[in-house]
Amino acid sequence: MQHDESGGALSETARAKINLALHVTGRREDGYHLLDSLVVFPDIADRLSLEPAAASELRLEGPFASALEGPAQDNLVLKAVRRFAETSSTSPDVRVTLEKNLPVASGIGGGSADAAAALRLMERHTGQSLPQQQRLDLALALGADVPVCLEQKPMRMSGIGDILTPAPAMPPAGIVLVNPMEAVATPAVFKAMTKRDNPPLPDLPGSFADLNTLCAYLRHTRNDMQAAAEALCPAISGVIAVLNALPDVAFARMSGSGATCFALCEPGKESRIAADVVAGHPDWWVNAGKL
5 MQHDESGGAL
15 SETARAKINL
25 ALHVTGRRED
35 GYHLLDSLVV
45 FPDIADRLSL
55 EPAAASELRL
65 EGPFASALEG
75 PAQDNLVLKA
85 VRRFAETSST
95 SPDVRVTLEK
105 NLPVASGIGG
115 GSADAAAALR
125 LMERHTGQSL
135 PQQQRLDLAL
145 ALGADVPVCL
155 EQKPMRMSGI
165 GDILTPAPAM
175 PPAGIVLVNP
185 MEAVATPAVF
195 KAMTKRDNPP
205 LPDLPGSFAD
215 LNTLCAYLRH
225 TRNDMQAAAE
235 ALCPAISGVI
245 AVLNALPDVA
255 FARMSGSGAT
265 CFALCEPGKE
275 SRIAADVVAG
285 HPDWWVNAGK
295 L
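Printed below as a string of structure tokens:
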């Protein structure tokens, strides 16, 4: 087993997956929705560690550990461990500790990011790297967002989550994530949508020179799930209004199927924005970081 330099367990961050833009472009006959999305991964994350054990085991820690319902064996992290072990003919007997810092069912791909981090940990633990297509198929079998979360870098994600194209690097920027602490179920949002055959993203530029350039691009994009999510969870509209009222916020939108919303700002202004939101809404989850 490889250890980190301090001799402890292997560890990985599972960064939040933020949909800066999310276009729903159709629905397949099998019910899967077709998406076209610009995805980024700020430095706001769950954390996982892995060490050998007598049997596969998941330990939950962190502020949102209690929100993960059901037996640990059903958690996507252990499913990822077991499926990787089956695919690579290695042992699944590891103890994974998940520090759950990201809210659950919140539109930022926390469970998918955790599963992807577990796959990366198993690769490091076993020294096995699956062929690229097999790795993608394994990730996709765990969930539509797991493949992009394996990469943890700016991506254009299309199809059902299986078509990934590198996106331009993000300009220096701060980001604030805000969740009104109301869970929104993705299937309910899809069901509430009235139109599913929307245009795809505009062509991405070769680069984003600065935050203003990124925001100008985003203003020509949408989150096609936002209206339906706001109808189901009016608190989302309140979050967006609060963010847009702050002078340092350059752009605000809902991520994924909600209810988490993001605000982009110039680097260094994210802490002040977060403090302003917390002051007015101490019951909301607020976190700030770098884009």
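Numbering (our numbering) for the sequence shown: 5 to 295. The beta-carbon is built from N, C-alpha and C at its ideal position, and this holds for glycine as well.
Just how far apart, CA to CA, sit residue i and residue j?
i	j	result
Glu-274	Cys-153	24 Å
Pro-286	Glu-186	14 Å
Asn-105	Lys-294	16 Å
Glu-270	Ala-254	8 Å
Ala-231	Thr-169	27 Å
Phe-266	Leu-26	13 Å
Pro-206	Leu-222	9 Å
Val-243	Glu-73	26 Å
Ala-177	Gly-272	8 Å
His-37	Asp-149	12 Å
Gly-163	Arg-200	13 Å
Glu-33	Asp-166	17 Å
Ser-92	Ala-196	40 Å
Ala-220	Ala-213	11 Å
Ala-249	Ala-292	17 Å
Leu-125	Ala-245	40 Å
Ala-109	Thr-225	24 Å
Asn-227	Arg-257	8 Å
Gln-77	Gln-137	27 Å
Arg-276	Asp-252	9 Å
Leu-247	Ala-235	19 Å
Gly-66	Pro-107	10 Å
Gln-6	Gly-284	Because the pLDDT at Gln-6 is just 42, under 50, the model does not fix this residue reliably, and the value given afterwards should be weighed accordingly. Rounded to the nearest angstrom, the two C-alpha atoms are 46 Å apart.
Pro-135	Gln-156	19 Å
Do residue j and residue i have their beta-carbon atoms positioned less than 8 Å apart in this structure?
i	j	result
Ser-211	Ala-171	no
Ala-120	Leu-54	no
Leu-142	Arg-86	no
Asn-202	Ala-263	no
Thr-198	Ser-261	no
Ala-57	Val-98	yes
Pro-315	Leu-218	Residue 315 cannot be examined here, being either before or after the span of the chain that is shown, 5 to 295.
Ala-233	Val-180	no
Met-229	Val-28	yes
Ala-84	Leu-146	yes
Ile-48	Ala-71	no
Ser-241	Asn-23	no
Leu-268	Leu-208	no
Quick one: residues in its chain with C-beta nearer than 7 Å to the C-beta of residue i, no 5 flanking neighbours on either side, listed in chain order?
i	result
Ser-95	Ala-89
Cys-237	Glu-186, Val-188, Gly-262, Ala-263
Asp-118	Ala-18, Asp-50, Leu-52, Leu-80, Val-81, Leu-102
Ser-2	Residue 2 is absent from the model: the chain starts at 5 and stops at 295.
Arg-31	His-37, Leu-38, Arg-200
If I measure Cβ to Cβ from residue i and keep anything under 6 Å in the same chain, skipping five residues before and after, which residues do I get?
i	result
Val-290	Val-182, Ala-278, Val-281, Val-282
Arg-63	Thr-101
Ser-15	Ser-53
His-123	First, the amino acid is wrong: residue 123 is Leu here, not His. Closer than 6 Å at the Cβ level, and outside the excluded window around Leu-123, lie Ala-84, Phe-88.
Pro-204	His-27, Thr-29, Asp-40
Ala-239	Pro-184, Glu-186
Ser-116	Gly-147, Asp-149, Val-150, Cys-153
Leu-144	Pro-151, Asp-166
From the beta carbon of residue i, is the nearest beta carbon of chain D less than 8 Å away?
i	result
Cys-153	Of the protein chains in this structure there is only one, and it is not chain D.
I'd like to confirm something about residue i: is its beta-carbon nearer than 7 Å to some heavy atom of the ligand GTP, or not?
i	result
Ala-20	This structure does not include the ligand GTP; it has no bound ligands of any sort.
Which residues in the same chain as residue i place their Cβ atom closer than 8 Å to its Cβ, once the five residues preceding and following it in sequence are excluded?
i	result
Pro-158	Leu-42, Val-43, Val-44, Phe-45, Pro-170, Ala-171, Pro-172, Ala-173, Met-174
Are three or more beta carbon pairs between the stretch 127–138 and the stretch 30–45 nearer than 8 Å? In the pairwise beta carbon analysis, the stretch 127–138 is classified as not touching the stretch 30–45: fewer than three pairs are separated by under 8 Å.
Inside the stretch 162–245 only - beta strand (DSSP E) runs reaching at least 3 residues: Those beta strand (DSSP E) runs which fall completely within the stretch 162–245 and span 3+ residues are 167–170, 178–183.
Just to confirm the assignment: which complete beta strand (DSSP E) runs, minimum length 3, are found wholly within the stretch 22–82? Listed in chain order, they are 22–31, 37–44, 49–56, 61–65.
Can you list the alpha helix (DSSP H) stretches of 4 or more residues lying completely in the stretch 75–151, in chain order? If we require 4 residues or more, the alpha helix (DSSP H) runs fully inside the stretch 75–151 come out as 80–92, 114–130, 136–146.
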